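First comes the structure, then the notes that go with it.
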Amino acid sequence: MNALTRDLKHMTDMVEQTADPGSRFRQKLHLMPPVGWLNDPNGLCQFQGIYHAFFQYSPFDVNGGVKMWGHAVSKDMIRWEYKDTALYPDQPFDCHGVYSGCALIDEGKMYLYYTGNVKLEDKEYDYILEGREGNTILAESRDGLNFGPKKLLMRNGDYPSDLSCHVRDPKVWKEKGRYYMVQGVRTKDNAGQVQIFESDDRINWKPKKRISTSSPFGYMWECPDYFTVDGQNILSASVQGLTGGIWEERNVYQSGYFFVEGDIMTDSYLSEYQLWDYGFDFYAPQSFQAEDGRIILLAWMGMPDCEEYGNISTIREGWQHCFTFPRELYKKDGKICQRPVRELEQWKKAEREERDYLSAEGAKVYDIRVSGIKANRFRAVLGEELLLEYKEGYFRMEFENRDKEGTSGGRGVRRSEVAVLRQVEILADVSSVEVFINDGELVFSTRYYPRHYSMEICCKGASIIETVF
Ligand code: FRU
Numbered sequence: 079m080n081a082l083t084r085d086l087k088h089m090t091d092m093v094e095q096t097a098d099p100g101s102r103f104r105q106k107l108h109l110m111p112p113v114g115w116l117n118d119p120n121g122l123c124q125f126q127g128i129y130h131a132f133f134q135y136s137p138f139d140v141n142g143g144v145k146m147w148g149h150a151v152s153k154d155m156i157r158w159e160y161k162d163t164a165l166y167p168d169q170p171f172d173c174h175g176v177y178s179g180c181a182l183i184d185e186g187k188m189y190l191y192y193t194g195n196v197k198l199e200d201k202e203y204d205y206i207l208e209g210r211e212g213n214t215i216l217a218e219s220r221d222g223l224n225f226g227p228k229k230l231l232m233r234n235g236d237y238p239s240d241l242s243c244h245v246r247d248p249k250v251w252k253e254k255g256r257y258y259m260v261q262g263v264r265t266k267d268n269a270g271q272v273q274i275f276e277s278d279d280r281i282n283w284k285p286k287k288r289i290s291t292s293s294p295f296g297y298m299w300e301c302p303d304y305f306t307v308d309g310q311n312i313l314s315a316s317v318q319g320l321t322g323g324i325w326e327e328r329n330v331y332q333s334g335y336f337f338v339e340g341d342i343m344t345d346s347y348l349s350e351y352q353l354w355d356y357g358f359d360f361y362a363p364q365s366f367q368a369e370d371g372r373i374i375l376l377a378w379m380g381m382p383d384c385e386e387y388g389n390i391s392t393i394r395e396g397w398q399h400c401f402t403f404p405r406e407l408y409k410k411d412g413k414i415c416q417r418p419v420r421e422l423e424q425w426k427k428a429e430r431e432e433r434d435y436l437s438a439e440g441a442k443v444y445d446i447r448v449s450g451i452k453a454n455r456f457r458a459v460l461g462e463e464l465l466l467e468y469k470e471g472y473f474r475m476e477f478e479n480r481d482k483e484g485t486s487g488g489r490g491v492r493r494s495e496v497a498v499l500r501q502v503e504i505l506a507d508v509s510s511v512e513v514f515i516n517d518g519e520l521v522f523s524t525r526y527y528p529r530h531y532s533m534e535i536c537c538k539g540a541s542i543i544e545t546v547f
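Using our numbering, the letters of the sequence shown correspond one by one to residues 79 to 547.
Given below as structure tokens:
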């Protein structure tokens, strides 16, 4: 351990001791940072039976400072035990942030690949074409608790020469004895794309292929991921720079996926981009395969560079952001659907079923399943201000009051077209709501900060099951 690592560890331990696990908006079913700021999920995996989640972590600054990898473990993806910081920004090649990356489980070991971010400061730079390093780094672990030493694998000079300095967020997989990596890139002429690399030994990597849409689609793709759900190959990317038309009423940045038709290594094309989530708070998702074969998706339940709304209520408590609830992905009628992981069942305390109408006071952590919806009739109000409603062909998530200090934190309305509404599931935790529509064909996620916990569901002719956790 070098002197910087030692001091960073000491300071992190000290600030974590100030954490208040009892503060009002901390949640029960979601992974949160002990103190300070969290963003992307990193290195998601199941290793020797235990789930590991790393996260972009800034313990010293609740509004996001230099990033390191926080680390938590779990037996069920729901109750997380916080472990120490796994990777600190303590080397010349990652001194401005241990940025996002992944875990590869191979031959009994855990391999963490990430981006070492460096911003040069010797003169004025634009940090797009000059002045930024996006280094690809590997840290190994035998036990999933101790990581290192770090090995620098690639620098910007090793990437194709048409790329800007923005190359980051490696995601690695193994196929037929070879290793492949996707990284998100911004080209010098401002196109967001994905660069595939290949390796025989996990260490030496060469650029293999560039993946892009037929016409330009945003200026940067972050956190790419390539995986297969029920036989369908999927390329996921968090896209920056979509403007005009439908994008104007959506979030500042988007997270979604393309179906990949054909062989991605040689000749393939991408389908239309589908959003993973239509709510306010969802970015930088990452998938992993559980040991039982399920493909699980987790995302940061937050939004970068968002001025419209925020999380004042938890900032005051000294922490900000959480992950989404883990979601199982599956294919149904040609669509990729999401549902809360089945482990949730184990935590249920009570259940009741009503027809047409259900209301409750005081419950903070619950799941509502509404099925047999007739004639698209659906309306729910949570925490007195969050309205979920079907109206004129759209499913809407809308806050009645947009005060940044209040329940919404400044959030307004999000909507998506739905032809026939059949089923809705609402998973509410203390300060978050995730709504799964038609068996998870569409999802809406949001943070919320109710002053008073209440819930009212009106849905004539439907069955409404409430489960309390
Ligand atoms: C996405 C992202 C990644 C980067 C990380 C830094 O939210 O910008 O591209 O690696 O966050 O925290």
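The beta carbon of each residue, even a glycine, is placed where N, CA and C say it ideally should be. None of these values were measured; they are calculated from a predicted model.
Reference residue i; option with closest CA among the options
i, options, result
"P382", "A368, H399 and G309", "H399"
"N454", "K427, E439 and L499", "L499"
"D341", "N516, Y304 and G334", "Y304"
"C301", "D267, R492, G487 and Y192", "Y192"
"K413", "G235, R102, I542 and V307", "V307"
"S239", "G319, V176, K266 and V521", "K266"
"I393", "F358, E483 and S365", "E483"
"I504", "L353, H174, E276 and E544", "E544"
"A150", "A131, K452, W115 and M343", "A131"
"T321", "Q332, Y205 and S314", "Q332"
"P285", "D359, V330 and V263", "V263"
Buried versus exposed, by CB contacts within 10 Å (16 or more), residue i
i, result
"R529", "exposed"
"T402", "buried"
"S437", "exposed"
"G518", "buried"
"E385", "exposed"
"A497", "exposed"
"K145", "buried"
"Y177", "buried"
"M89", "exposed"
"P404", "buried"
"I128", "exposed"
"T96", "exposed"
In DSSP terms, what residue i is bridged to
i, result
"G114", "W397"
"H149", "F132 and K161"
"C415", "Y408"
"Y166", "Y166 pairs with nothing; no bridge assigned."
"C123", "H130"
"C384", "In the DSSP output, where bridge partners are listed per residue, C384 has none listed."
"I289", "V272"
"A181", "L190"
Local conformation of residue i per DSSP, three classes
i, result
"V93", "helix"
"G340", "strand"
"E423", "helix"
"D345", "strand"
"S437", "strand"
"A269", "coil"
"T83", "helix"
"D390", "The amino acid occupying residue 390 in the given sequence is Ile; Asp does not appear at that position. Note: I390 maps to helix in three-state DSSP."
"I555", "There is no way to answer for residue 555, as the model of the chain reaches only from 79 to 547."
"I324", "helix"
"H244", "strand"
Span of the beta strand (DSSP E) around residue i
i, result
"C536", "S532 to V546"
"R233", "That residue, R233, is in no beta strand (DSSP E); it is neither H nor E in DSSP."
"Y189", "K187 to K197"
"F103", "No beta strand (DSSP E) holds F103; DSSP gives it neither H nor E."
"F305", "M298 to V307"
"M475", "Y472 to F477"
"E350", "Segment: none, E350 is in no beta strand (DSSP E) and carries neither H nor E."
"F568", "Since the first and last residues shown for the chain are 79 and 547, residue 568 lies out of range."
Chain B within 8 Å of residue i, Cβ atoms only
i, result
"A428", "The structure shown has no chain B; it contains just one protein chain."
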